[in-house]
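As structure tokens, the structure follows; a few thoughts come after it.
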Amino acid sequence: MISAVLVICATVFILGTTIALWRAPDALTRINLMGPTVGVALPLLVLAHLFSDPFDWHNLVRALLAIAGLWIVAAVSSFYIARSVHEV
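According to full-length UniProt numbering, the residues represented by the sequence shown are 1 to 88, in order.
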């Protein structure tokens with residue numbers, strides 16, 4: 001039940017981001033609009049997968065590492081994408 005609620009919440013975030021991306025006027029705005037999906041929706045999907053299986057410490061550590069890695073990669077990639085948009 002918990003994983004279904006998390007998946008539905010993540011789907012709402014992804015749908016909202018998709019609609020906002022269609023309406024965004026420029027590339028820099030589109031970069032900023034990916035934040036809710038990368039920062040919230042994808043970790044919710046990882047947690048939903050964690051709750052769908054029986055509890056195991058190994059899976060908990062893997063989920064936490066996946067979320068931390070996702071946030072680190074997203075921060076670095078958005079920095080470089082923003083630099084390329086501004087042609088620095």
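C-beta: ideal position from N, C-alpha, C; glycine also.
At what residues does the alpha helix (DSSP H) containing residue i begin and finish?
i, result
"L16", "Checking the sequence, you will find Gly at residue 16 rather than Leu. 2-23 is the span of the alpha helix (DSSP H), which, as asked, contains G16."
To the nearest angstrom, report how far apart residue i and residue j are at their CA atoms.
i, j, result
"T19", "N59", "Here residue 19 turns out to be Ile, not Thr, going by the sequence shown. The straight-line gap from Cα to Cα measures roughly 33 Å."
"M34", "P54", "31 Å"
"F21", "A27", "Rather than Phe, the amino acid found at residue 21 in this sequence is Leu. Each residue's Cα considered, the two are about 9 Å apart."
"D56", "L50", "9 Å"
"I14", "S77", "19 Å"
Cα-Cα, which of the options is closest to residue i?
i, options, result
"R62", "L15, P43, C9", "P43"
"T17", "S3, A41, A27", "A41"
"S84", "M1, V5, I31", "I31"
Can you tell me whether DSSP reads residue i as helix, strand or coil?
i, result
"F51", "helix"
"H58", "helix"
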